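Colleague:
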Amino acid sequence: MASLGSLPYRRTSRQSSRQASRDKRDEIQVHVDHYIGIDVGTGSARACIIDDKGDIVGLSSENIGLWQPQQGYYEQSTNDIWRCICVAVQRAISQHNIDPETVRGIGFDATCSLSVFSNVTDEPISVTSPNFDSDRNVILWLDHRPVEETEKINATNHNLLRYVGGKMSIEMEIPKVLWLKNNMPKELFDQCKFYDLADALTHIATGTEKRSFCSVVCKQGYVPVGVDGSVKGWQGDFLTEIGLGDLVEDNFKRMGGVDGVSGDYLSAGELVGTLCDKAASELGLPSGIAIGSGVIDAYAGWIGTVGAKVELEPGQLSSEVSKNDKTQAFSRLAAVAGTSTCHLAMSQDPVFVPGVWGPYRDTIQPGYWMAEGGQSATGELLKHVIETHPAFNQAASIAESYNANIYEYLNEHLKEMTHEQEAPNVSYLGRHLFFYGDLWGNRSPIADAAMAGSVVGLTSDKSVDGLAVFYYATLEFIALQTRQIVETMNKAGHAITSIFMSGSQCQNDILVRLIASACDMPVLIPRYIHAAVCHGAAMLGAKAASADPEGKTEDLWEIMDRMSKPGRKVLPTTDVREKALLDVKYKVFLEQCYKQQEYRALVDRTVSSWKP
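Residue numbers (the UniProt record's numbering): 1 to 612.
(1) Can you tell which of E416, L439 and D325 has its C-alpha closest to the C-alpha of T378?
(2) Measuring alpha carbon to alpha carbon, tell me which residue in D465, T208, V353 and V57 is nearest A495.
(3) Answer yes if the stretch 423-441 comes into contact with the stretch 565-585, meaning at least three C-beta pairs across the two stretches below 8 angstroms, and no otherwise.
(4) Inspect the CB distances between the stretch 78-85 and the stretch 501-518 and report whether three or more fall short of 8 angstroms.
(5) Determine the direct distance from the alpha carbon of E387 to that of V455, and round the result to whole angstroms.
(6) Would DSSP call M563 helix, strand or coil?
(7) Using the C-alpha atoms, what's the distance from G307 back to W557?
(8) How about C214 and T363: do their beta carbons lie closer than 7 angstroms?
(9) Just to confirm the assignment: which complete beta strand (DSSP E) runs, minimum length 3, are found wholly within the stretch 88-124?
(10) Quick one: is P124 buried, meaning 16 or more other Cβ sit within 10 Å of its Cβ, or exposed?
(11) Decide if Y74 is buried, meaning its Cβ has at least 16 other Cβ atoms within 10 Å, or exposed.
(12) Taking Cβ to Cβ, would you say G567 is nearer than 7 angstroms to L524?
(13) Between H144 and N442, what straight-line distance do the alpha-carbon atoms span, to the nearest angstrom?
(14) In angstroms with no decimal places, state the Cα-to-Cα distance between Y480 and A371.
(15) How many angstroms separate the CA atom of A329 from the CA atom of D246?
(16) Could one say the Cβ of E149 lies closer than 7 angstroms to chain C's Cβ atoms, at least one of them?
(17) Which runs of the alpha helix (DSSP H) at least 4 residues long sit entirely within the stretch 371-452? Give them in chain order.
(18) Quick one: residues in its chain with C-beta nearer than 7 angstroms to the C-beta of I406, no 5 flanking neighbours on either side, listed in chain order?
(19) Could you say if the stretch 86-104 and the stretch 182-199 meet the contact criterion of at least three C-beta pairs nearer than 8 angstroms?
(20) Run through DSSP, which three-state label would residue 613 get?
(21) For P390, I'd like the list of residues in its chain whose CB is within less than 7 angstroms of its CB, leaving aside the five on either flank, ordered along the chain.
(22) Once the 5 residues before and after W141 are set aside, which same chain residues still bring their CB inside 7 angstroms of it?
(23) Rounded to whole angstroms, what is the Cα-Cα separation between L66 and G72?
(24) Output the distance between the C-alpha atoms of G358 and T497, rounded to the nearest integer angstrom.
(25) Tell me whether S517 sits in a helix, a strand or coil according to DSSP, three-state version.
(26) Determine whether the beta carbon atoms of F238 and L160 lie at a separation below 7 angstroms.
(27) Under 7 angstroms, do H343 and G373 count as touching if we go by C-beta distance?
(28) Between which residues of its own chain and R483 is the CB-CB distance below 7 angstroms, once the five residues before and five after are set aside?
(29) Per DSSP, what kind of secondary structure is I81 in: helix, strand or coil?
(30) Quick one: is S287 buried, meaning 16 or more other Cβ sit within 10 Å of its Cβ, or exposed?
(31) Output yes or no for whether 7 angstroms exceeds the beta carbon distance between T208 and G273.
(32) By Cβ distance, which residues of its chain are closer than 8 angstroms to F589, with the 5 residues on each side in sequence left out?
(33) What three-state label does DSSP hand A290 in the structure shown?
(34) Classify T339: buried if its beta carbon has 16 or more other beta carbons within 10 angstroms, exposed otherwise.
(35) What would DSSP say about D199, mapped onto helix, strand or coil?
(36) Less than 8 angstroms between the CB atoms is what I'm expecting for T202 and S293, so what's the real figure, rounded?
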């Protein structure tokens, strides 16, 4: 008898059945639809691949260049950004073995940064003064060069300023356009056409000139047609008054045109077009993939966060209590926390909040309004406070020895100090340190770019303990300012009862608990802490891919409801002593905020008559 090993191989019926099952699974995998979300932040470009259930199956990032030619100036390059996007997409596809043919839709989000191209050649135009000869054609949101231009714009008291919180921020794009007008050679400025960065990326991907309402309404002084008497969206009298009358020509062509006349404007995720051959080749994807109208990165965070199923009671999700519809979003504030933090809320009717950007219509959902508060620096503030302290190097070395990052180490150190000192809570450690941290000016709710920091209770302590307490005070400042923003919004007419937080700061348990306790409301953390923003961008790709032959797409909220994952809830403190301490610290915080403005005014009145 021949041995089994020498017999010709013949598959048994059981083996055949197993192989058939594997073949079927492989076949099913091949036909799973995928969507790519591309997120361009201040420091990196990320590509996130989700399946048709909303599960993330691929994620990759690539650092992008950031140039600071002088203090307060921040610039980037769309060529560099696009190269990084291509690397991130290719890596996510290859590392996670995704078949490019299964990608059905792509969505972009990016920082609200001004991008400049030639209306003659469609090539990038430099924004780097005085020669304007660099590869850098992006003025970053963080850039504070247009101080005089911002003051001139706000001095007009034009009606459209009602729709940006009462006055334009130095972070917005029209002041930067005006700065270019005032500093560029005329013949060069006359060639410029202007995009928000997310729109610039969809333009590169599709070759179309369609713009997103999110970009132009939020950051470029556009009031949707039919709102408060707006006829063309762009306000020609306003642009003329501030010195940008040349942008009114040809029905505002250089800004994107007039909706339905010389341009097209879309809400989030609506079909812009399809991936062109050139961009497809560079991305390593097939051409013809649906591209959704992009959004500012914070708005992608809203999309990727507020649709999360929430455990209201043990074992009970929000979607089991009632339909998880748009009305639930009205009570949910999205706090998208990265270098800065944006606070976004949706409402059915316009709510005007001093110092909070908006209300903006049609940006995310047609007919609905968004408001956007924010802190100009949170992640960047923490980094600055830690790295400028005398004990930074010592603390960083200790953190490295524990294979931890500096934030993890300082959190553990604070907990150890609490135990060693028999303190009732962590907050008690910083009871006599009062830190006000608007080192990069105030975005909301007082909208004062001249705001700075202040400290009461500063000592000569150079130890790691001293660093830990100062770090805690910075966390406390972020939490108390969040309360100030929430209270201002609710006082004006919002009905915020919970905070849906995303971004790397969600990992900071002390910060998240402080925000919940200071605001006295639960904070919800999404499943994809790091990827909530690009997860939201991928949902834009899913929406674009749902377009029927007439271009009509599935409602974005339905996509969010289907693709969002359950979140984790962090409740406010139940320690009445800690709550009382935070309430007292909030009173001091408010005094520090408004006293600074009072002190500046006193000094300015004294020196106003001095000769330079």
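We treat Cβ as the ideally placed atom computed from N, Cα and C, and that holds for glycine.
This structure is a prediction, so every number in the text was calculated from the model and none was measured.
Modeller: Well, looking at it:
(1) In the sequence shown, the residue the question calls residue 378 occupies position 378. Among E416, L439 and D325, the Cα nearest to that of T378 belongs to L439.
(2) The sequence position of residue 495 within the sequence shown is 495, counting from 1. Measuring from the Cα of A495, the nearest candidate turns out to be V353.
(3) yes
(4) no
(5) Counting from 1 along the sequence shown, the entry for residue 455 is found at position 455. Counting from 1 along the sequence shown, the entry for residue 387 is found at position 387. When the Cα atoms are used, V455 and E387 turn out to be separated by approximately 17 angstroms.
(6) Translated into positions along the sequence shown, residue 563 becomes position 563. Reduced to three states, the DSSP call for M563 is helix.
(7) Against the sequence shown, residue 557 aligns to sequence position 557. Against the sequence shown, residue 307 aligns to sequence position 307. Taking C-alpha positions only, W557 is separated from G307 by approximately 8 angstroms.
(8) In the sequence shown, residue 214 corresponds to position 214, counting from 1. In the sequence shown, residue 363 corresponds to position 363, counting from 1. The answer is yes: Cβ separation under 7 angstroms.
(9) 103-110 and 114-118
(10) Residue numbering aside, residue 124 sits at position 124 when the sequence shown is read from its first letter. P124 should be labelled buried.
(11) Taking the first residue of the sequence shown as 1, we reach residue 74 at position 74. Its Cβ being crowded by 16 or more others within 10 Å, Y74 is buried.
(12) Position 567 of the sequence shown, counted from the start, is the residue given in the question as residue 567. Position 524 of the sequence shown, counted from the start, is the residue given in the question as residue 524. A contact, by the Cβ cut-off of 7 angstroms.
(13) The residue given as residue 144 occupies position 144 in the sequence shown. The residue given as residue 442 occupies position 442 in the sequence shown. If I take the Cα positions, the gap works out to 12 angstroms.
(14) Stepping through the sequence shown from its first residue, residue 480 is reached at position 480. Stepping through the sequence shown from its first residue, residue 371 is reached at position 371. Note that residue 480 is Leu in the sequence shown here, rather than Tyr. L480 and A371 have their C-alpha atoms roughly 20 angstroms apart.
(15) Your numbering for residue 329 matches position 329 in the sequence shown. Your numbering for residue 246 matches position 246 in the sequence shown. Cα-Cα distance, rounded: 40 angstroms.
(16) As a matter of chain content, chain C is missing from the structure shown, which is built from one protein chain.
(17) For secondary structure counted as the alpha helix (DSSP H) over 4 or more consecutive residues, the stretch 371-452 holds these complete runs in sequence order: 379-387, 392-401, 406-420 and 426-429.
(18) Numbered from its first residue, the sequence shown carries residue 406 at position 406. Closer than 7 angstroms at the Cβ level, and outside the excluded window around I406, lie I386, A395, A396 and A399.
(19) no
(20) The first residue shown for the chain is 1 and the last is 612, placing residue 613 beyond what the model contains.
(21) Taking the sequence shown and counting its residues from 1, one reaches residue 390 at position 390. Only K462 meet the Cβ criterion.
(22) Taking the first residue of the sequence shown as 1, we reach residue 141 at position 141. Closer than 7 angstroms at the Cβ level, and outside the excluded window around W141, lie T111, C112, S113 and E171.
(23) As a working mapping, residue 66 is identified with position 66 in the sequence shown. As a working mapping, residue 72 is identified with position 72 in the sequence shown. For L66 and G72, the distance between alpha carbons rounds to 13 angstroms.
(24) Numbered from its first residue, the sequence shown carries residue 358 at position 358. Numbered from its first residue, the sequence shown carries residue 497 at position 497. Computed Cα separation, rounded: 20 angstroms.
(25) On the sequence shown, residue 517 is found 517 positions in, with the first residue counted as 1. Residue state for S517 is assigned as helix, using DSSP reduced to three classes.
(26) Reading the sequence shown from its first residue, position 238 is the one you call residue 238. Reading the sequence shown from its first residue, position 160 is the one you call residue 160. The beta carbons of F238 and L160 sit closer together than 7 angstroms.
(27) Taking the sequence shown and counting its residues from 1, the one referred to as residue 343 is at position 343. Taking the sequence shown and counting its residues from 1, the one referred to as residue 373 is at position 373. Yes. Within cutoff.
(28) As a working mapping, residue 483 is identified with position 483 in the sequence shown. Correct list, in chain order: A518, C519 and Y586.
(29) If you number the sequence shown from 1, residue 81 lands on position 81. Looking at I81 - three-state DSSP - the assignment turns out to be helix.
(30) As a working note, residue 287 is residue 287 in the sequence shown. S287 is classed as exposed because its beta carbon has fewer than 16 other beta carbons within 10 Å across all chains shown.
(31) Within the sequence shown, residue 208 is the residue found at index 208, counting from 1. Within the sequence shown, residue 273 is the residue found at index 273, counting from 1. Contact flag set, yes.
(32) Taking the first residue of the sequence shown as 1, we reach residue 589 at position 589. Counting only Cβ-Cβ distances below 8 angstroms, and skipping sequence neighbours, we find F434, Y436, F477, L480, Q481 and Q484.
(33) Locating residue 290 in the sequence shown gives position 290, counting from the first residue. Strand, per DSSP.
(34) Mapped onto the sequence shown, residue 339 falls at position 339. It counts as buried.
(35) The residue you call residue 199 lines up with position 199 of the sequence shown. DSSP places D199 in helix when its eight states are reduced to three.
(36) To locate residue 202, count along the sequence shown from 1; it is residue 202. To locate residue 293, count along the sequence shown from 1; it is residue 293. Indeed, because the Cβ distance is near 7 angstroms, the residues count as touching under 8 angstroms.
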